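Residue numbers (this note's numbering), protein chains in the order written: chain A, 1 to 114; chain B, 1001 to 1111. Glycine included, C-beta positions come from ideal geometry on N, C-alpha and C. Just so it is clear, the structure is predicted and the values come from calculations on it, not from any experiment. In what follows, a structure is listed as structure tokens, so that the remarks can point back to it.
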């Protein structure tokens, strides 16, 4: 069985500061990992994904994440927060081809302080 | 850019009534999914669908739920007799390769 833990249901950072959203996973097979963003009253938009290629993955809007197998982590970062980054962020894991259902974490609500 | 669409955006129904939530996946995708998100909780997998049959379903997806692809474009989720605890946001997704693309969701409120 697979699972995802997102530490911190709410994170606040100042505009221009580093954004770090934590995600740890559990999977019995090499995982596929995803970060999705949900803006208010909207659906889930893919930010980036790791599917067994490069461990440092770059996504949209300046976000990136690094897959660390030894730490079973896939933390999301952005060097400089922007007001438009305020949203809910979900980390998700799947077992890849043959079992693509996504298992989501509980989400982290990111607030940007002007 | 192609996107997944869902209708209605908000559905209010009485307990015990049947509801059908509709989704139009991205046109060349072959794999479809339904997820739900109860307010304040995580997004949960309900069911996956491929080649006109269910590939996998979760424990949540009991006999009250069914899915159908009635034509070449729509993908529906039916809840036969709604319960209060079915109140949630329901997301449809379609997949190409390793990536699932989500619709904007239907908020279902059961009174």
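| Item | Value |
| --- | --- |
| Mind reading off the beta-carbon distance from residue 1095 of chain B to residue 100 of chain A? Whole number of angstroms is fine, and I expect it under 8 Å. | 6 Å |
| Closer than 6 Å by C-beta to residue 6 of chain A: which residues in its own chain qualify, once you throw out the five before and the five after it? Chain order, please. | 23, 91, 105, 106, 108 |
| Would you list the residues sitting across from residue 49 of chain A in a DSSP beta bridge? | A:34 |
| Who are the neighbours of residue 103 of chain A on chain B, taking C-beta pairs under 8 Å? | 1045 |
| Please classify residue 1003 of chain B: does DSSP put it in a helix, a strand, or coil? | coil |
| Could you name the residues of the stretch 44-60 of chain A whose beta carbon sits closer than 7 Å to any beta carbon of chain E, in the order they occur along the chain? | Any reference to chain E falls outside this structure, whose protein chains are A and B. |
| In the DSSP assignment, find the unbroken beta strand (DSSP E) run with residue 1096 of chain B in it and report its ends. | 1088-1096 |
| Taking only three categories from DSSP, how would you classify residue 1083 of chain B? | coil |
| Would you mind working out which of A:20, A:55, A:34 sits nearest residue 94 of chain A, comparing C-alpha positions? | A:34 |
| What's the call for residue 1015 of chain B, buried or exposed, on a 16-neighbour Cβ count within 10 Å? | exposed |
| I think residue 81 of chain A touches residue 16 of chain A, with their Cβ atoms under 8 Å apart; what is that distance to the nearest whole Å? | 6 Å |
| Spatial neighbours of residue 1018 of chain B within its chain, please: C-beta separation below 6 Å, excluding the five flanking residues on both sides. | 1080 |
| Ignore the nearest five residues each way along the sequence and tell me which others in residue 125 of chain A's own chain have a CB closer than 8 Å to its CB. | Nothing about residue 125 of chain A can be reported from this structure: the residues present for chain A run from 1 to 114 only. |
| For residue 115 of chain A, which of A:47, A:78, A:114, A:67 has the nearest alpha-carbon? | There is no way to answer for residue 115 of chain A, as the model of chain A reaches only from 1 to 114. |
| Using a Cβ-Cβ distance under 7 Å, would residue 106 of chain A count as near chain B? | yes |
| For residue 1024 of chain B and residue 1004 of chain B, what's the separation of their Cα atoms in angstroms? | 6 Å |
| Using the Cα positions of residue 1051 of chain B and residue 1031 of chain B, report the straight-line distance between them to the nearest angstrom. | 8 Å |
| From this set, A:4, A:89, A:8, which residue's C-alpha is nearest residue 32 of chain A's C-alpha? | A:4 |
| I need the DSSP call for residue 1038 of chain B, collapsed to helix, strand or coil. | coil |
| In whole angstroms, give me the CA-to-CA distance for residue 1045 of chain B and residue 1059 of chain B. | 9 Å |
| Under the DSSP definition of a beta bridge, which residues are partnered with residue 88 of chain A? | A:38, A:109 |
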